[in-house]
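If you're matching positions, the sequence shown starts at 1201 in the working numbering and goes up one per residue.
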Amino acid sequence: MKKWNFAHRTLSFTWVLVGFLTFVISLAGYVYYTYHNTKTVIMKEIDETLRIAAQSANLFVGADYHDNLNNINDEEFKQASEQLTKLAQAVGVEYVYTMVYDSPHVRFTASSYTVDDITNGNITMFRDIYPEATTTNKGAFRSTKEVFEVSVDKWGHFKTIFVPHITPKGQIYLTGADITISHIESQLQDNVTQAALSASFFFCIALLVAGMYLLVYRRALTTDARTGFANRLALEQDLLRAKRQHLSLAIISICELEEIISFYGAAVGDKVIQNVMSYFQSFTKPFKVYRLATSKLVLMCDTPNGEHYLNNLISEFPFSRPILEEPLLYIQLKAGIAKGNKGLLLENAFIACRQAQQLHQTTYIYGQQTQKTKLLQESNLAIAKTVQSAFDQHRIIPYFTPRARINDGKIVQYHCAPRVLTEQGVILKSQAFGEVIKHSRLNSQLTKQMLELCVTQFRKTNIAWSLALTPQDLSDPQMMESINQAINRYPQPNLITFELDEQALISQFNDMSAIISILRSKGVNILVNSRNSGLLTISRMLKMSINAVKLEETLVEQLADNPQVKGLVKHIGEQCKDSQISLVVSGITNKAQLQQLKETHITMFEGSYIGAAAPHIKEQQETPIFDN
């Protein structure tokens, strides 16, 4: 017995030792992974920031500046340095500069400066020699792509980017940017320490709760903890147990849920999906409603023609009513429906759900290739040919939609939108060819033509106008160079407004903030088109350096039927007013709608009441707004 006890204790000690060694090895691996991964993420962010700064510097200074270096005076150099200083502050780098190679020296041709530089008298002057220039720095003048370098000099410990350029006259120059990295090692050490402590803490907690977890594991395994509804594992088990081989199943995606969770928190997101699942649960008993993922849920039934029942059920969801009252939230659903062998239901429903999202349909039934879809595809091909012909033969024409001040009805701005003139003389609106432009990657070509037409139309006038820019335009360096040149040649850039889509701004917040700062520094205005997201994204947009927000006309359409919409518009208007940002509404068709929007702090409006889009500019006029 003693031998058995000794052997048992030895075996237990061995397992404890193995567990401890496993923990130590895992901890070391986790700490190393955390250190390496954090450093990789930080350096990628630094590289992207440097790349934006250096590429933007070329937009500010440009090739003309370096082709004329012998004639640059102190004032021109000062202006260039001031612009680069503003750029450095906007992007978040230490220095932004341009330089040329005057063998054997590298010389600055323009450079930003800091407050410390001014205080210490270390401001870089025109053609100052950069004595700390490294071999990498000099080699960048012979490179054909961007070059990164980590260096230490009298200015500090930096990571640097050099981007080579060549002017039309053959002058080679670099645009560069520096960002301080001396703090990174201490930050990484803090992360490593925190990771080690976190790992140790959770390891101890895991030991304490392991026993309790095993007791409730079986019950919790098939339940979504946040909503109390069945989860994916429960769905898979129910599919295996189903007596019928042929079922109908729908995967429903709540389009805005992930953004709601990001903005309002998980608790609000849980309420949203609980309300949606509860709504469908009342129609699908005895079948359950399953939470498949963060923003996806599943409905299932075994009735004949079940796919049509699910299709009608989802299509009749009350989209016009808010899903939550506090905060006031509306949602949209996209659903994919599949029927047939239960072993393929989930996979086919996923495919159908993606198809619904791509086609911007509420529902899509897997395998259903209707005549309507075939006709749509044929129509898309025909429109693509028409659009390409219009580009080649200069049949892209601008239409101008007037915008009026709400206090006196006077037209104060025109929104410019493209139309396509077909060979038969028919005018196609952007709704007819927008998707073709998007899928054919012709956004920048269309924007460039529209920009040239608008500049020609308004250059010699005092009329304010606006033009929409797509995310593809903003990410295209050549397009941004064309915009920069157009602004520089325009006599009154303050009359130009560029319109951006809120989804692009929110999904690429940091990049868009930098681009907006660059455009605003040129003197133009920025308007953001809100896509009926209400209060969800308005607060983030107002943090940007923008001039106006435009609401979708669907809000105006709901004014008569939903009194809460007026309150929503008024709340947005108050936020815009506090931030000194104009609020624009569209879709105004009559005086009654304007009357309903009274005291909502709206600045401008557009719609058929003031004038529809037309190929010519209307004479300035005033429209009666409110009755005395």
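The beta-carbon is built from N, C-alpha and C at its ideal position, and this holds for glycine as well.
Could you please give me the residues that DSSP links to residue i through a beta bridge?
i: residue 1349; result: 1360
i: residue 1617; result: 1599
i: residue 1305; result: 1302
i: residue 1499; result: 1450
i: residue 1378; result: 1295 and 1360
i: residue 1311; result: 1297
i: residue 1423; result: 1430
i: residue 1605; result: 1804
i: residue 1563; result: 1535
i: residue 1365; result: 1373
i: residue 1329; result: 1307
i: residue 1611; result: 1604
i: residue 1627; result: 1621
i: residue 1749; result: 1728 and 1783
i: residue 1811; result: 1807
i: residue 1529; result: 1524
Under the assumption that residue i contacts residue j (Cβ atoms under 8 Å), give the Cβ distance between them as a whole number of angstroms.
i: residue 1706; j: residue 1744; result: In fact, because the Cβ distance is near 10 Å, the residues do not count as touching under 8 Å.
i: residue 1293; j: residue 1250; result: 7 Å
i: residue 1793; j: residue 1759; result: 6 Å
i: residue 1334; j: residue 1347; result: Going by Cβ atoms, the distance from residue 1334 to residue 1347 rounds to 10 Å, so no, they are not a contact pair.
i: residue 1598; j: residue 1811; result: So it is not a contact: roughly 15 Å between Cβ atoms.
i: residue 1426; j: residue 1470; result: 5 Å
i: residue 1500; j: residue 1447; result: 6 Å
i: residue 1679; j: residue 1648; result: 7 Å
i: residue 1583; j: residue 1550; result: Wrong, their Cβ atoms sit about 30 Å apart, outside the cutoff.
i: residue 1359; j: residue 1379; result: 6 Å
i: residue 1612; j: residue 1586; result: With 8 Å as the limit, residue 1612 and residue 1586 do not qualify as a contact, their Cβ atoms being about 35 Å apart.
i: residue 1240; j: residue 1392; result: Contact doesn't hold; Cβ gap of about 14 Å is too wide.
i: residue 1257; j: residue 1287; result: 6 Å
i: residue 1590; j: residue 1596; result: 6 Å
i: residue 1491; j: residue 1429; result: 5 Å
i: residue 1564; j: residue 1556; result: 4 Å
Please report the residue range of the alpha helix (DSSP H) in which residue i lies.
i: residue 1757; result: 1753 to 1757
i: residue 1463; result: 1457 to 1464
i: residue 1509; result: 1506 to 1515
i: residue 1667; result: First-last for residue 1667: 1665 to 1668, but that is the beta strand (DSSP E), not the alpha helix (DSSP H).
i: residue 1543; result: It is not in any alpha helix (DSSP H) - residue 1543 carries neither H nor E in the DSSP assignment.
i: residue 1720; result: 1709 to 1721
i: residue 1689; result: 1677 to 1689
i: residue 1343; result: Premise fails: residue 1343 is in no alpha helix (DSSP H) and is neither H nor E.
i: residue 1650; result: 1643 to 1658
i: residue 1671; result: 1671 to 1674
i: residue 1337; result: 1335 to 1339
i: residue 1767; result: 1763 to 1778
i: residue 1743; result: Where residue 1743 is concerned, there is no enclosing alpha helix (DSSP H), given that its DSSP letter is neither H nor E.
i: residue 1794; result: 1791 to 1796
Mind checking whether residue i and residue j have CB atoms under 8 Å apart?
i: residue 1807; j: residue 1782; result: no
i: residue 1330; j: residue 1299; result: yes
i: residue 1368; j: residue 1274; result: no
i: residue 1729; j: residue 1757; result: no
i: residue 1254; j: residue 1377; result: yes
i: residue 1281; j: residue 1295; result: no
i: residue 1452; j: residue 1535; result: yes
i: residue 1725; j: residue 1748; result: yes
i: residue 1498; j: residue 1435; result: yes
i: residue 1774; j: residue 1816; result: no
i: residue 1323; j: residue 1316; result: no
i: residue 1533; j: residue 1494; result: no
i: residue 1326; j: residue 1344; result: no
i: residue 1766; j: residue 1796; result: yes
i: residue 1531; j: residue 1454; result: yes
i: residue 1242; j: residue 1384; result: yes
i: residue 1481; j: residue 1489; result: yes
i: residue 1191; j: residue 1690; result: Because the chain is modelled from 1201 through 1828, residue 1191 falls outside the range shown and cannot be assessed.
i: residue 1476; j: residue 1523; result: yes
i: residue 1364; j: residue 1341; result: yes
i: residue 1259; j: residue 1684; result: yes
i: residue 1668; j: residue 1695; result: no
Between which two residues does the beta strand (DSSP E) holding residue i run?
i: residue 1701; result: 1696 to 1701
i: residue 1729; result: 1725 to 1729
i: residue 1492; result: 1490 to 1493
i: residue 1782; result: 1782 to 1785
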